[in-house]
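Chains as they are written, first to last, in this note's numbering: chain A, 3 to 221; chain B, 24 to 340. Glycine included, C-beta positions come from ideal geometry on N, C-alpha and C. Since the structure is predicted, the reported quantities are computational estimates derived from the model, not experimental observations. Here is the structure we will look at, set down as structure tokens.
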């Protein structure tokens, strides 16, 4: 599948609108139909936003494997936007926590961040997302240079892991849901590790084929 | 703090007769009718929606009731922790309708002179009182619930506890056919709770058989459950089948699951945080903002603080 530039733009615009739907739904419900959000609307909102942050992180991380497997290079044109949506949902998730759980009480929030491991890791993940969001523009890619930019953006791997850990430590007893996120993340990172190992070994093999066999190279 | 007399409002008047519930029942009946029409057969073992939920007509008021406004019926019956039916808050309301509540007996046994088994019909015929209590969940949310029930001490006195009865263990129902959750080892089933004998004999501790003037719905622990208003909600075991008077402190389900997080006492206490979240404030369902300060012993300190005189509540959390 190799869509035209204009088709990719249409796909991207559609995806942009679709990515805003969960937020719009919550916002509309919160203002006009709080009953639709159940008995604990604040918790529902905060958790939904957190879910979407994690989902967008995983979707963003799925682009590279998907592109490699299918050969659809145009997928790359969606990645930045998806990553920024992960950041967006992370920010509104944190904002809803500030507003509903602490009603903007800065001292209580700081205490929470320091005292509660699941909030500590969640907050750390969000803070680490900031430099990635800031350096997401073309100008910043040029300024950093492709190599540095790529190295910096590998931060998304530990960020996603912290995000899943944040969810895992938050649940009271039933870890089914965080385990599903963890499994998907393991798959996405595992793919990269496998690809890396394959490439490294292939490279060695290639070197070995030209020169002495890899195993006895030093011998 | 003075416990004020509640307004003399009949339970039936504060019961917002749940149109919500009727709709669900209507839909269930409609769906059942459709299946019936399609298959041409009827399955009597399928639990029918309880359209005739028993109403309690002569319920006395109590000086222990709070005058706070009860939480709406739809939230009290729609936002529940009852892991036997699933760990989502909406699961119990969805699935607990299948709970088989007849026949039902509660066996009171152990360290007592006259152990015996009480049938549920007998329990609901006892003189019943309405107790409007605050309920504070360990997850930092709270409700106000108009329970219908009787003091546990009345029942315990009838079996004549011996001097060895230092604790009371509450064993709750396990119905593998109706409870999907018990097939998953989220907790060690059956769910077991426990109280010290003086806590169990305290007049605030009740066995509830109803809410809002009518029989308990499955999700709230039908047909009979414990309510201990000064402790976190999980101490108030649902769907009780056995009450054992024992000499040793029982090991409760949550203690077994996570002893560092859930202690035997689990008294509501804003000064003792759960290891993973704060207990200083709570969200009164369905309010948006969580800024209601949590009160020690859930505001029942005048009645129960004496039970813990001299005890380090941080150690015995």
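Give the residues of chain B in contact with residue 43 of chain A, contact being defined as C-beta atoms less than 7 Å apart.
309, 311
Any beta-carbon of chain A closer than 9 Å to the one on residue 106 of chain B?
yes
Spatial neighbours of residue 3 of chain A within its chain, please: CB distance less than 7 Å, with the 5 preceding and 5 following residues excluded, ordered by chain position.
74
Give the straight-line distance between the Cα atoms of residue 5 of chain A and residue 11 of chain A, rounded to the nearest whole angstrom.
10 Å
Got a sec: is the Cβ-Cβ distance from residue 142 of chain A to anything in chain B below 9 Å?
no
If you draw a straight line from the alpha carbon of residue 313 of chain B to that of residue 305 of chain B, how long is it in whole angstroms?
5 Å
Decide if residue 174 of chain A is buried, meaning its Cβ has at least 16 other Cβ atoms within 10 Å, or exposed.
buried
Just verifying my parser: in three-state terms, what is the DSSP assignment at residue 193 of chain B?
strand
For residue 341 of chain B, which three-state DSSP category applies?
Any property of residue 341 of chain B remains undetermined from this structure, which presents chain B solely from 24 to 340.
Against chain A, with Cβ distances strictly below 9 Å, would residue 211 of chain B count as a contact?
no
Between the C-alpha atoms of residue 200 of chain A and residue 209 of chain A, what's the straight-line distance to the nearest angstrom?
14 Å
Cα-Cα, which of A:36, A:27, A:162 is closest to residue 268 of chain A?
What the structure shows of chain A is the stretch from 3 to 221, and residue 268 of chain A is not part of that stretch, so it cannot be assessed.
What span of residues does the alpha helix (DSSP H) with residue 300 of chain B cover, start to end?
Unbroken run through residue 300 of chain B: none, as it is neither H nor E.
Nearest to residue 222 of chain B by alpha carbon, out of B:300, B:174, B:102?
B:174
Output, in chain order, the set of chain A residues within a Cβ distance shorter than 8 Å of residue 102 of chain B.
40, 41, 42
In the DSSP assignment, find the beta strand (DSSP E) that holds residue 156 of chain B and state where it starts and stops.
151–159
In this structure, does DSSP put residue 251 of chain B in helix, strand or coil?
coil
Among the residues of its own chain, which have a CB less than 6 Å from the CB of residue 128 of chain B, if the five just before and after it don't count?
140, 142
Please name the residues in the stretch 314–328 of chain B whose beta-carbon is closer than 7 Å to at least one beta-carbon of chain A, in chain order.
314
Should the stretch 193–203 of chain B be called in touch with the stretch 278–285 of chain B, which here means at least 3 C-beta pairs below 8 Å?
no
Let's see if you can read the secondary structure: which residues bound the alpha helix (DSSP H) around residue 142 of chain A?
140–146
Under 9 Å between C-beta atoms of residue 234 of chain B and residue 110 of chain B
no
Just verifying my parser: in three-state terms, what is the DSSP assignment at residue 140 of chain B?
strand
Hey, how far is the Cα of residue 47 of chain A from the Cα of residue 54 of chain A?
11 Å
Leaving out the 5 sequence neighbours to the left and right, which residues in its chain are closer than 7 Å to residue 103 of chain B when beta-carbon positions are compared?
112, 115, 116, 242, 243
Below 9 Å between beta carbons is the criterion; list the residues of the stretch 107–130 of chain A that meet it against any residue of chain B, in chain order.
107, 110, 113, 114, 117, 118, 119, 120, 121
Rounding to the nearest angstrom, what Cα-Cα distance links residue 8 of chain A and residue 137 of chain A in this structure?
26 Å
Between the stretch 178–188 of chain A and the stretch 82–94 of chain A, can you find at least three pairs of beta-carbon atoms closer than 8 Å?
no
Which ranges does the beta strand (DSSP E) cover as unbroken runs of at least 3 residues, wholly within the stretch 177–237 of chain B, from first to last along the chain?
190–195, 215–219, 229–234
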